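The structure appears right after this line, and notes come after that.
In the numbering used here, the protein residues as written are 440 to 740.
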C-alpha cells in the first residue's frame, strides 16, 4: 500500500463480478527506481500503459505468471531437476539471439497456395528443465483464451492453426537449433475447454510439415484443470490424443545415460528394438522408418 501512496505502484481496476483479486501494476516511479538499481526498461511511461491495458490482456498475463509460478513451486527443492527461467535461456543462446529485440520469436517460411509466407510466432512463456548430467528439455507455452479462431480460409489472417503450422515449420527448418542451440523442444498449449482442445488437435493432425515431428510436438491442457494440479504431474494430452505427463520427461532424463535404452517402449517390436540396441541414432532410424517416429518419441537423443 505504501508503494501506491508514493507512486511506485498502481492499482488497476477492470469490470468483474463478485469479489475478485486486485491487480497491482508497476508505476512510473517504481520503474524509475528499478532502473536506478540496474533493471533495463525501454521507457518509464508505465502508468499510461497500465491505463490502456484491458481485462483480456491482464487476465492473459496473469495466467502466464500463474503457470510460471506453478512450475517454480513444482521443481523447488528437487535434486533431480531444476527449472530454467527465460532469462537463463537467453543468456545461454548465441550472440545473435541475445541481441535480438524479440529473441524468442520463431520465424518460418511456409508455402501455402503456391505462395511463400514469412511468419513469426512468439510464445507466451519459454522455460526448460535442467538435469544433473547437464542435459535439458525446453518448452514453449501458448496460453489460449479462446479469442483467436482455430482456423480461417485465408492463411494470411491469424488463427491457431496458422500458429501451430508456424511452430512445426520453424522446427522443420531448424530454427530452434539456430536461435537457442536446442536439439528439440515441445509446445505446451493451455486452452479453455475440451471441445476447443479437440478441434485444435483435429486441425493439427491434418498439417503435414516436412522434417517436423508432427502432432507430437504439442501437449494440450485445460486451464481450469491445470490450475488445480501440479503441472509436472498433470495429465496433458499430446497431439495424437494420448495422455502424457511432464514428469515422464523428468523421470527419463534423470536415468543415468549408461542405463538408458534398457527399457524400450512396448510399442516397438523385436526387430525395432534390435536396431536401436545396435546403436542406430533416433534420427537415422526415423529417416528409414518415419511412420514409427511417434512410437519412440520420448527416447532421449
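C-beta atoms are modelled at their ideal positions from N, C-alpha and C, and glycine is treated no differently. These numbers come from a predicted model, not from an experiment.
Pull up the CB-CB distance for residue 545 and residue 604, whole angstroms please, since I reckon it's below 8 Å.
Residue 545 to residue 604, Cβ: 12 Å. No contact.
In the DSSP assignment, the beta strand (DSSP E) including residue 676 goes from what residue to what residue?
Start and end: 675-677.
Output needed for residue 600: all residues of its chain with C-beta closer than 7 Å, excluding positions within five of it in sequence on either side, in chain order.
So the list reads 589, 590 and 642, once near-sequence residues are dropped.
Determine the extent of the alpha helix (DSSP H) in which residue 504 is found, giving its start and end residues.
Unbroken alpha helix (DSSP H) run through residue 504: 494-514.
Suppose the cutoff is 6 Å on Cβ atoms and the five residues either side in sequence are ignored; what does the same chain contact list for residue 569 look like?
The residues are 521, 523 and 575.
What residue range does the alpha helix (DSSP H) around residue 528 cover?
Unbroken alpha helix (DSSP H) run through residue 528: 525-530.
So, using beta-carbon positions, are residue 532 and residue 613 closer together than 8 Å?
Not closer than 8 Å, so no.
Cα separation between residue 681 and residue 626?
Roughly 15 Å between the two C-alpha positions.
Within its chain, find whatever has a CB closer than 7 Å to the CB of residue 672; leave out the 5 residues flanking it on each side and keep chain order.
Cβ within range, chain order: 684 and 686.
Residue 470 to residue 584, Cα distance in whole Å?
Spanning the two alpha carbons is a distance of roughly 29 Å.
Can you tell me where the alpha helix (DSSP H) with residue 587 in it begins and where it stops?
Taken as a continuous stretch (DSSP letters only), residue 587 belongs to no alpha helix (DSSP H), as it is neither H nor E.
Return the chain-ordered list of same chain residues with a C-beta closer than 8 Å to the C-beta of residue 635, the five sequence neighbours on each side being excluded.
Only 583, 585 and 589 meet the Cβ criterion.
In angstroms with no decimal places, state the Cα-to-Cα distance between residue 508 and residue 691.
Approximately 24 Å between the Cα atoms of the pair.
Measure the C-alpha to C-alpha separation of residue 504 and residue 566 and round it to an integer number of angstroms.
Each residue's alpha carbon lies about 12 Å from the other.
To test your reading of the DSSP string, which unbroken beta strand (DSSP E) runs of 3 or more residues are found completely within the stretch 542-587?
Listed in chain order, the complete beta strand (DSSP E) runs (minimum 3 residues) inside the stretch 542-587 are 545-551, 554-560, 564-569 and 575-582.
Can the beta-carbon of residue 395 be found closer than 8 Å to that of residue 629?
It is not possible to answer for residue 395, since the shown part of the chain is limited to 440 through 740.
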